[in-house]
Ligand code: G1P
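In structure tokens, the structure reads:
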């Protein structure tokens, strides 16, 4: 039976310690890139891929996320009364009418695998996506977003799909790293996956970035996954177990990823999105030129 992907899980319970003090009271997923919070970029990418059920796995100090996606009656009537109709539209578009949000609390911070397992009762027996909002992915012009690209792969092969990209060898210890076998048509089948290996412990530099399409069989693996790297229940370890039963594809997406979980990646994204911004781009480019020359 062929399934469509309707649901996307956003694990947003992490503490965001790398951005303290900015993230003391505010979730890291609410950090803006120019004028939009990271989580909204991630939601828009999922919606463009046809995912109309957004499942947020939240934790403490994350109230700003449901607030962001809620209807803001006072703000809307204020903007309407002041004739600020463009802004009104901007605010109302944050959650299109056909999209619904579900919020689940991850009571203990036991890792990404545990966060995904928390979504089981909502996902039930369907394939689904997982998106980590701090990996911001910008597709080239006129190209669908990363999740939409992955849905196409899923529809063709009906198996789990991991977004991957090559990283410098000395950085492999920051990612889930896959080894693959390639088909004649270029499809890369995962043969092995390991979480944050030492650079000497792997031949591969193909890193998993924060986009996954998973079959529901992952839940039976997660439930028996023991704590791994960092004492956390790792999604990577459950995917390794899944591989023993089902094929998994590593997909090198078309687009540029910004690691907005790091300050440098966050600043790079800010600069590049500002340069590409329709109202701001030219002035910002002129400012940068002046600053550097
Ligand atoms: C998580 C995953 C890791 C993956 C990474 C992508 O790690 O555990 O396998 O490569 O996201 O961003 P984290 O960045 O949460 O440590």
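Numbering (this note's numbering), first residue to last: 12 to 304. No residue lacks a Cβ here, since even glycine has one placed at the ideal position from N, Cα and C.
Candidates the options: closest to residue i by CA position
{"i": "residue 136", "options": "229, 245, 34, 269", "result": "229"}
{"i": "residue 186", "options": "254, 209, 161", "result": "209"}
{"i": "residue 63", "options": "28, 69, 17", "result": "17"}
{"i": "residue 38", "options": "14, 144, 119, 91", "result": "144"}
{"i": "residue 265", "options": "20, 297, 176", "result": "176"}
{"i": "residue 15", "options": "93, 167, 271", "result": "167"}
{"i": "residue 42", "options": "71, 79, 58, 59", "result": "79"}
{"i": "residue 281", "options": "48, 25, 29, 28", "result": "48"}
{"i": "residue 70", "options": "50, 110, 118, 95", "result": "118"}
{"i": "residue 98", "options": "112, 109, 110, 83", "result": "83"}
{"i": "residue 110", "options": "81, 131, 94, 165", "result": "81"}
Any non-hydrogen atom of the ligand G1P within 7 Å of residue i CB
{"i": "residue 206", "result": "yes"}
{"i": "residue 245", "result": "yes"}
{"i": "residue 20", "result": "no"}
{"i": "residue 218", "result": "yes"}
{"i": "residue 143", "result": "yes"}
{"i": "residue 242", "result": "no"}
{"i": "residue 187", "result": "yes"}
{"i": "residue 272", "result": "yes"}
{"i": "residue 61", "result": "no"}
{"i": "residue 221", "result": "yes"}
{"i": "residue 307", "result": "It is not possible to answer for residue 307, since the shown part of the chain is limited to 12 through 304."}
{"i": "residue 231", "result": "no"}
{"i": "residue 146", "result": "yes"}
Distance between beta carbons of residue j and residue i, contact taken as under 8 Å
{"i": "residue 45", "j": "residue 269", "result": "Contact doesn't hold; Cβ gap of about 12 Å is too wide."}
{"i": "residue 221", "j": "residue 171", "result": "Between residue 171 and residue 221 the Cβ distance is about 15 Å, and since that is not below 8 Å, they are no contact."}
{"i": "residue 76", "j": "residue 40", "result": "6 Å"}
{"i": "residue 204", "j": "residue 251", "result": "5 Å"}
{"i": "residue 178", "j": "residue 260", "result": "That pair is no contact at about 19 Å."}
{"i": "residue 20", "j": "residue 66", "result": "5 Å"}
{"i": "residue 133", "j": "residue 115", "result": "7 Å"}
{"i": "residue 219", "j": "residue 287", "result": "Contact doesn't hold; Cβ gap of about 26 Å is too wide."}
{"i": "residue 162", "j": "residue 27", "result": "Not confirmed; about 28 Å, so no contact."}
{"i": "residue 271", "j": "residue 277", "result": "5 Å"}
Chain D contact for residue i (CB, 8 Å cutoff)
{"i": "residue 21", "result": "Within the model displayed, chain D is absent; a lone protein chain is all it includes."}
Can you list the beta strand (DSSP E) stretches of 3 or more residues lying completely in the stretch 60-138, in chain order? 64-69, 111-116
Open item on the list: Does the contact criterion of 3 or more C-beta pairs under 8 Å hold for the stretch 241-251 versus the stretch 210-217?
Closed with: no
- prompt: Which runs of the beta strand (DSSP E), 3 residues or longer, sit entirely within the stretch 201-251?
  reply: 217-225
TODO: Could you tell me whether the stretch 48-65 touches the stretch 103-112, using the rule of 3 or more Cβ pairs below 8 Å?
DONE: yes
(message) Below 8 Å, how does it come out for the stretch 224-238 and the stretch 122-142: are there three or more Cβ pairs, yes or no?
(response) yes
**Prompt:** Three or more C-beta pairs closer than 8 Å, one from the stretch 156-169 and one from the stretch 33-43: is that the case here?
**Reply:** no
Worksheet item: Is the number of C-beta pairs between the stretch 80-89 and the stretch 189-209 that are closer than 8 Å three or more?
Response: no
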